[in-house]
Amino acid sequence: MHDDDQIEEFMGELYDKFYPQVMDGLDRMKEGDVHAGIENLSRPLHTIKGVTGFMGGFEVASTFTHKVESFLKKIQAGDVELDDAVTTAAITSVNMIFQVIEQIRDTGSGPQGEMDGVLARIRELSESGEQNKVVVEDGVRLSVVGGVIVATVAMQRVHLPAQKQLLLDVMKKQSAGVPIVLDLSTVLSVSTSVWDVLEPFAEKFPVHVAGMQPFVNGLFHSWGYGAIFTAHPSLEAFFERETGSGGNA
Numbered sequence: 001m002h003d004d005d006q007i008e009e010f011m012g013e014l015y016d017k018f019y020p021q022v023m024d025g026l027d028r029m030k031e032g033d034v035h036a037g038i039e040n041l042s043r044p045l046h047t048i049k050g051v052t053g054f055m056g057g058f059e060v061a062s063t064f065t066h067k068v069e070s071f072l073k074k075i076q077a078g079d080v081e082l083d084d085a086v087t088t089a090a091i092t093s094v095n096m097i098f099q100v101i102e103q104i105r106d107t108g109s110g111p112q113g114e115m116d117g118v119l120a121r122i123r124e125l126s127e128s129g130e131q132n133k134v135v136v137e138d139g140v141r142l143s144v145v146g147g148v149i150v151a152t153v154a155m156q157r158v159h160l161p162a163q164k165q166l167l168l169d170v171m172k173k174q175s176a177g178v179p180i181v182l183d184l185s186t187v188l189s190v191s192t193s194v195w196d197v198l199e200p201f202a203e204k205f206p207v208h209v210a211g212m213q214p215f216v217n218g219l220f221h222s223w224g225y226g227a228i229f230t231a232h233p234s235l236e237a238f239f240e241r242e243t244g245s246g247g248n249a
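Residues in the sequence shown are numbered from 1 upward in steps of one, following the UniProt record's numbering.
As structure tokens, then:
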């Protein structure tokens, strides 16, 4: 069922390389620097999720890691209000990833009961955070400049389903091959789940993002979305680039 050499190689890398990085992130969280801790966790957890997803029998660990990763993204983006309960749940869920991997290696299956308990807790905290959010929704303004669709997001924060739906409605109407620029110059925070739901559209037409504020920009790049969407410092920078490249965005 498992390639023993592959497993041993992965376990060696897991504890020699990724475990120290994860522990450093958790230590920062315990010290109260939660956002910096999560940023430290993003790369090793993303790699663990990817590797276990390709290892026969370890897919459960990949799925579990993905759900933990999503919870951390919600905390960092402000979707879940940070308090001691949330911090404790985050630390517990990250530690559980290693327990899941070890048990799969030793027995062929993960600790399902404990996994379910952890996932139920982070789901409860996530849903509570979303219910306490206040909807601030002005919409998305569309314009056409030089054959390019510019979608100016007129919302200070983009987190809730209704807010994400506004962007989805715009993307669904976009013609294949026609570039679109999301102008986020007045947006203060964006849930990472927004980028996740927009990702499939990047395969149909060029999706550019312009004018991200520092916090939005930091999350965008720390979770690797720069490999999917093309970022520009401003809307003006986008059009300068297009003009300089002969109109090919």
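Note that the Cβ used here is the ideal one computed from N, Cα and C, for glycine as well.
When secondary structure is reduced to three states using DSSP, V80 falls in the coil class, being assigned neither helix nor strand. With contacts defined as CB atoms closer than 7 angstroms, K73 and S62 fail to qualify as a contacting pair. Closest in C-alpha terms to S193, from the list D16, Q6, Q163, L82, comes Q163. Annotation for Q99: P111 place their beta carbon closer than 7 angstroms to its own, counting only its chain and skipping 5 residues before and after. For S143, the uninterrupted beta strand (DSSP E) run begins and ends at 140-145, by DSSP. Under the rule that a run must span 4 or more residues, the alpha helix (DSSP H) segments found entirely inside the segment 76-126 read 84-107.
Contact between R43 and G37 does not hold, since the beta-carbon distance rounds to 13 angstroms and is not under 8 angstroms. In the DSSP assignment, L182 falls within the beta strand (DSSP E) that extends over 180-183.
The alpha-carbon separation between D183 and E114 amounts to approximately 43 angstroms. Nearest neighbour of Q103 by Cα position, chosen from G57, I75, T152, turns out to be G57. Just measuring C-alpha positions, the residue of A237, S222, E236 sitting nearest E69 is S222.
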